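A short write-up of the structure that comes next.
There are 2 protein chains.
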Amino acid sequence: MTQLYLIRHGIAVERNNSIQDEVRPLTELGKEKTQKVAQRLKEVKIKFDIILTSPLLRAHQTATILQNAGLTDRLEEFIPLSPGGSLQLWVDWWLNSHYHHDQSTIALVGHQPDLSNWAEIFLWGDTQGILVVKKAGIIGLNLPTSINPIGESELFLLTPPKFFI
Amino acid sequence: MTQLYLIRHGIAVERNNSIQDEVRPLTELGKEKTQKVAQRLKEVKIKFDIILTSPLLRAHQTATILQNAGLTDRLEEFIPLSPGGSLQLWVDWWLNSHYHHDQSTIALVGHQPDLSNWAEIFLWGDTQGILVVKKAGIIGLNLPTSINPIGESELFLLTPPKFFI
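Chains A and B supply the protein sequences, listed in that same order.
Heads up, the first sequence is in our numbering, so the first residue is 1 and it goes up one at a time.
Heads up, the second sequence is in our numbering, so the first residue is 166 and it goes up one at a time.
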């Protein structure tokens, strides 16, 4: 199994007419909560072989907080993690990467409802909208590496940040 | 929504010929991890209106640790939480109790694979074996109160104890 963590960006400045959605930054509270989540992940000795992030500022800032906490040595932007991006593009990337093996641990930082949709597709093949993912919340999936992971994965973690604080 | 927490008993003495399954106690490590889980639930201000527990010793001890941490004022044994028990009996109990309303928070302490099976039935109507629930692990569900919760509930929490320690 590859361990895949899907992490939602922290609390960002609200949408408004004076700022483009792509550059809405995390609020101070959003940074603080994300740092606590990062700290807890560090305490339980999680290390990501790579973090892929949506290029949107609020996601990239979230991923950078995780990196600065020592959770990974490798952080890259991944365009399909933008809102509405394609799960299949990520699966194709994974299948052709050197992270497609049973000891790898990968984090994706992105947006709702895409993250819960992706998780649901991995778990049971379609989207039902039944996973509640708060900002700075985390989904943890075990993806099989010997068969197609769609509809064949396991869920081992779903948590809002409040349990980490 | 009623918040329903499904909590698996902590680590117990292994099965062996010199002890009946019903009276296998928690180990010291099992008690310790369960206490840490209870402490964390207390820190995030969770309070259960009632804890129902399987009558088996390892479950009852787990429920008692939760009660002693101040997480509930009310603890009762509930026979259908024994291994292989009936989800419908619990639903019937709930529908006829004064806990069937949108502000209630209920915890059930029991066994695997029943807890993940019950959760999966609440979430999508049947069992697929895709939720990983460790000992002293927790599943958190939102159950709608205006319609039948089978296949209509949401998952907001799934965590092994290690994130609480």
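All C-beta atoms, glycine included, are put in the ideal place defined by N, C-alpha and C.
In this text, all values refer to a predicted model and were calculated from it rather than measured experimentally.
Along the region 266–289 of chain B, the positions whose C-beta sits under 9 Å from a C-beta of chain A are LEU288, TRP289, read in chain order. If you draw a straight line from the Cα of HIS263/B to the Cα of THR270/B, it is about 11 Å long.
Out of ILE79/A, GLU32/A, HIS101/A, the CA that lies nearest to the CA of LEU108/A is found in ILE79/A. In the three-state scheme derived from DSSP, where H, G and I count as helix and E and B as strand, ALA136/A is classed as coil. Identification of chain B residues near PHE163/A by a Cβ-Cβ cut-off of 8 Å yields ARG205, VAL209, LEU322, THR324, PHE328, PHE329, ordered along the chain. For THR2/A, DSSP records a beta bridge to LEU143/A.
Contact check between the region 169–180 of chain B and the region 233–240 of chain B: fewer than three CB pairs, one atom from each, fall below 8 Å, which does not count as touching.
For GLN3/A, no chain B residue has a C-beta closer than 8 Å to its own C-beta; the minimum C-beta separation is roughly 11 Å.
Going by DSSP, ILE286/B is part of the alpha helix (DSSP H) stretching over 279–289. A Cβ of chain B is located within less than 8 Å of the beta carbon of VAL132/A. Between LEU26/A and GLN61/A, the C-beta gap is smaller than 8 Å, which places the two residues in contact. The beta strand (DSSP E) runs lying completely inside the region 199–273 of chain B and spanning 3 residues or more are 215–218, 240–242, given in chain order. Distance from the CA of ASN282/B to the CA of THR167/B, rounded to the nearest whole angstrom, comes to 19 Å.
For LEU158/A and ILE121/A, the gap between their C-alpha atoms comes out near 15 Å.
In chain A, no part has a C-beta under 7 Å from the C-beta of GLN200/B; the shortest such distance is about 16 Å. The beta carbon of VAL133/A lies closer than 7 Å to those of ARG8, GLN112, LEU115, SER116, ILE139 in the same chain, with the five residues before and after it left out. When only Cα atoms are considered, GLN128/A and TRP289/B end up about 8 Å apart. Listed in chain order, the non-local C-beta contacts of ILE176/B below 8 Å within the same chain comprise LEU191, THR192, LEU194, GLY195, LYS198, LYS300, ALA301, local neighbours out to five positions each way being set aside.
Collapsing the DSSP output to three states places GLU197/B in a helix. The closest CA to that of ASN261/B, considering only THR310/B, ARG223/B, GLY249/B, PRO248/B, is found on THR310/B. In the DSSP annotation of this structure, the continuous segment of the beta strand (DSSP E) that includes GLU319/B starts and ends at 319–324. LEU56/A is a Cβ neighbour of SER82/A, given a cutoff of 8 Å. For GLU319/B, the neighbours in chain A by C-beta distance under 9 Å run, in chain order, GLY129, ILE130, LEU131, VAL132. Distance from the CA of ASP102/A to the CA of LEU89/A, rounded to the nearest whole angstrom, comes to 20 Å. Using a Cβ distance threshold of 8 Å, LEU4/A and LEU141/A count as a contacting pair.
Scanning its chain for C-beta atoms nearer than 6 Å, with the 5 sequence neighbours on each side dropped, one finds around PRO149/A the residues PHE122, LEU143, in chain order. In terms of Cβ geometry, GLN204/B and ALA234/B form a close pair [threshold 8 Å]. Pairing THR64/A with HIS265/B, the inter-Cα distance amounts to about 44 Å. Here the C-alpha atom of PHE321/B lies approximately 11 Å from the C-alpha atom of ALA284/B.
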